[in-house]
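Reading through the structure tokens given below for one structure.
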Amino acid sequence: MHINPALLVSLALRAIAVGASPAPSAITAPPTAQEIQKRATSCTFSESNDASLASKSKTSCSTIVLSNVAVPLGTTLDLTKLNDGTHVRQPLLLPRVIFEGETTFGYWEWSGPLISVSGSAITVTGASGHSINGGSGGKTKPKFFAAHSMTNSVISGLRIENSPVQNIYFSGGVCSGGHGLSIASVGGRSDNTVKNVTFYDSTIKTSQDGVCIKTIYGDTGAVSDITYKDITLSSITKYGIIVQQNYDDTSKSPSNGVTIKDFVLDKVQGTAKSTAYDIYIACWSGSCTDWTWSDASVTGGKTSSSCVNVPSGVSC
Numbered sequence: 002m003h004i005n006p007a008l009l010v011s012l013a014l015r016a017i018a019v020g021a022s023p024a025p026s027a028i029t030a031p032p033t034a035q036e037i038q039k040r041a042t043s044c045t046f047s048e049s050n051d052a053s054l055a056s057k058s059k060t061s062c063s064t065i066v067l068s069n070v071a072v073p074l075g076t077t078l079d080l081t082k083l084n085d086g087t088h089v090r091q092p093l094l095l096p097r098v099i100f101e102g103e104t105t106f107g108y109w110e111w112s113g114p115l116i117s118v119s120g121s122a123i124t125v126t127g128a129s130g131h132s133i134n135g136g137s138g139g140k141t142k143p144k145f146f147a148a149h150s151m152t153n154s155v156i157s158g159l160r161i162e163n164s165p166v167q168n169i170y171f172s173g174g175v176c177s178g179g180h181g182l183s184i185a186s187v188g189g190r191s192d193n194t195v196k197n198v199t200f201y202d203s204t205i206k207t208s209q210d211g212v213c214i215k216t217i218y219g220d221t222g223a224v225s226d227i228t229y230k231d232i233t234l235s236s237i238t239k240y241g242i243i244v245q246q247n248y249d250d251t252s253k254s255p256s257n258g259v260t261i262k263d264f265v266l267d268k269v270q271g272t273a274k275s276t277a278y279d280i281y282i283a284c285w286s287g288s289c290t291d292w293t294w295s296d297a298s299v300t301g302g303k304t305s306s307s308c309v310n311v312p313s314g315v316s317c
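Residues 2 to 317 (the numbering used here) make up the sequence shown, in order.
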């Protein structure tokens with residue numbers, strides 16, 4: 002998952018297994034054809050007025066299509082408490098939320114979130130060419146996307162633009178086949194500050210990188226107060242842990258324009274493939290400071306001989 006103005010999210014939320022209960026005292030009748038038909042309904046919402054209508058009608062639809070929806074300022078696109086799909090026998094009838102076209106939000110500086118989704122057995126996806134655009138780059142932004150109380154569900158293929166890049170807390174994720182837990186391409190914009198980001202209790206598997214911070218050569222900015230804690234890596238294909246300050250031009254030495262400070266790794270462990278590198282660090286002298294690593298270990302890959310200016314207390 003990249004944290005940058007073009008963010009592609011691919012999250013598989015954990016399933017929760019519920020133990021069988023004692024035999025029921027009464028037999029529940031199977032759903033009627035009318036009930037199944039109601040839950041099979043596909044509802045499409047578009048334009049500004051339909052954001053509110055989608056929130057009001059959400060329990061009547063098994064598939065919610067949000068097409069070019071404009072969410073009014075200061076309001077949440079509320080898709081919480083969607084119908085659970087656990088008792089529906091046909092997989093195609095499981096509740097789905099699909100973003101189409103461009104979803105936009107009226108400008109207002111408030112706490113958010115802009116989008117909130119909850120329920121069980123829910124699938125949230127994006128159609129080809131879609132975007133969820135926070136707008137007003139460089140402004141103080143509300144919280145973007147809340148997925149609290151969402152179980153046995155999948156969020157995949159969402160393209161998020163102009164999301165907030167401060168005070169981010171990501172936990173309980175299972176990410177596969179992507180670029181790992183990544184803060185990348187920092188630079189090249191009017192505001193290149195990434196601050197107060199925590200990744201916690203997550204698993205990265207069969208991905209290019211595990212833990213990743215990359216800044217663009219020659220640009221200015223700051224990455225600070227970054228924490229990765231209780232992260233498990235498996236079958237990483239390129240770099241288990243990578244930090245580099247010459248992301249867009251590796252032929253040049255790292256630059257000091259975008260500093261990386263107060264970087265904490267705590268219990269980040271796992272494996273890389275034999276063709277990958279366990280750890281790679283490329284910093285400018287004095288521009289990677291106040292790093293604290295403990296119980297950080299990646300095995301199975303190669304040891305890099307090209308690490309540059311590795312901070313004190315850190316092994317490469």
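Cβ atoms here follow ideal geometry from the backbone N, Cα and C, with glycine treated the same way.
Could you tell me the distance, in whole angstroms, from the CA atom of residue i to the CA atom of residue j?
{"i": "I133", "j": "F145", "result": "10 Å"}
{"i": "Y108", "j": "P255", "result": "37 Å"}
{"i": "S177", "j": "G158", "result": "12 Å"}
{"i": "S275", "j": "I242", "result": "15 Å"}
{"i": "T272", "j": "L78", "result": "39 Å"}
{"i": "D231", "j": "I116", "result": "27 Å"}
{"i": "T304", "j": "A297", "result": "14 Å"}
{"i": "T42", "j": "S61", "result": "7 Å"}
{"i": "T104", "j": "V72", "result": "8 Å"}
{"i": "S307", "j": "I282", "result": "8 Å"}
{"i": "Y218", "j": "I280", "result": "20 Å"}
{"i": "S186", "j": "G136", "result": "19 Å"}
{"i": "V299", "j": "C284", "result": "20 Å"}
{"i": "G287", "j": "I169", "result": "26 Å"}
{"i": "V244", "j": "S164", "result": "22 Å"}
{"i": "V125", "j": "S58", "result": "17 Å"}
{"i": "A147", "j": "D220", "result": "32 Å"}
{"i": "G301", "j": "C44", "result": "49 Å"}
{"i": "I37", "j": "I65", "result": "Because I37 carries a pLDDT of 36, less than 50, the predicted location of this residue cannot be relied on, and the following value inherits that uncertainty. If I take the Cα positions, the gap works out to 16 Å."}
{"i": "A277", "j": "S236", "result": "9 Å"}
{"i": "E110", "j": "K140", "result": "8 Å"}
{"i": "Y201", "j": "L266", "result": "10 Å"}
{"i": "F100", "j": "G127", "result": "5 Å"}
{"i": "H131", "j": "S313", "result": "44 Å"}
{"i": "N310", "j": "D226", "result": "20 Å"}
{"i": "G1", "j": "V212", "result": "Since the first residue shown for the chain is 2 and the last is 317, residue 1 is missing from the structure and cannot be characterised."}
{"i": "T238", "j": "S316", "result": "20 Å"}
{"i": "V198", "j": "D51", "result": "33 Å"}
Span of the alpha helix (DSSP H) holding residue i?
{"i": "V236", "result": "The question names Val, but residue 236 in the sequence shown is Ser. Segment 222 to 237 is the beta strand (DSSP E) holding S236; no alpha helix (DSSP H) there."}
Residues bridged to residue i by DSSP?
{"i": "G75", "result": "Answer is none; G75 lacks a bridge partner."}
{"i": "W292", "result": "F264"}
{"i": "F46", "result": "L67"}
{"i": "G271", "result": "L234, V299"}
{"i": "D250", "result": "Note: D250 sits in no beta bridge, so no partner."}
{"i": "S203", "result": "I232"}
{"i": "G241", "result": "For G241, which the question treats as bridged, DSSP gives no partner whatsoever."}
{"i": "S61", "result": "The partner list for S61 (beta bridge, DSSP) is empty, contrary to what the question assumes."}
{"i": "F171", "result": "F200"}
{"i": "R97", "result": "T64, T124"}
{"i": "F146", "result": "I116"}
{"i": "T152", "result": "S121"}
{"i": "T194", "result": "A223"}
Span of the beta strand (DSSP E) holding residue i?
{"i": "L54", "result": "First-last for L54: 51 to 58, but that is the alpha helix (DSSP H), not the beta strand (DSSP E)."}
{"i": "T105", "result": "103 to 106"}
{"i": "S311", "result": "One detail in the question is off: residue 311 reads as Val in this sequence, not Ser. Careful: V311 lies outside any beta strand (DSSP E) and carries neither H nor E."}
{"i": "G211", "result": "210 to 216"}
{"i": "A283", "result": "278 to 283"}
{"i": "I182", "result": "The sequence given here has Leu at residue 182, not Ile. 182 to 187 is the extent of the beta strand (DSSP E) around L182."}
{"i": "S117", "result": "116 to 118"}
{"i": "T81", "result": "Neither: T81 is in no beta strand (DSSP E) and is coded neither H nor E."}
{"i": "T304", "result": "Here T304 belongs to no beta strand (DSSP E), and DSSP marks it neither H nor E."}
{"i": "G127", "result": "124 to 127"}
{"i": "C176", "result": "175 to 177"}
Relative to the ligand PLP, is the shortest distance from any of its heavy atoms to the C-beta of residue i smaller than 7 Å?
{"i": "S164", "result": "Only the bare structure without any ligand can be found here, which leaves the ligand PLP out of the picture."}
Specify whether the stretch 243 to 252 and the stretch 199 to 207 touch according to this definition: at least 3 beta carbon pairs, one from each stretch, less than 8 Å apart.
Cβ pair count under 8 Å is below three, so no.
If contact is defined by three or more beta carbon pairs under 8 Å, each pair taking one atom from either stretch, is the stretch 279 to 292 in contact with the stretch 255 to 267?
With a cut-off of 8 Å, the stretch 279 to 292 and the stretch 255 to 267 count as touching, because enough Cβ pairs lie within range.
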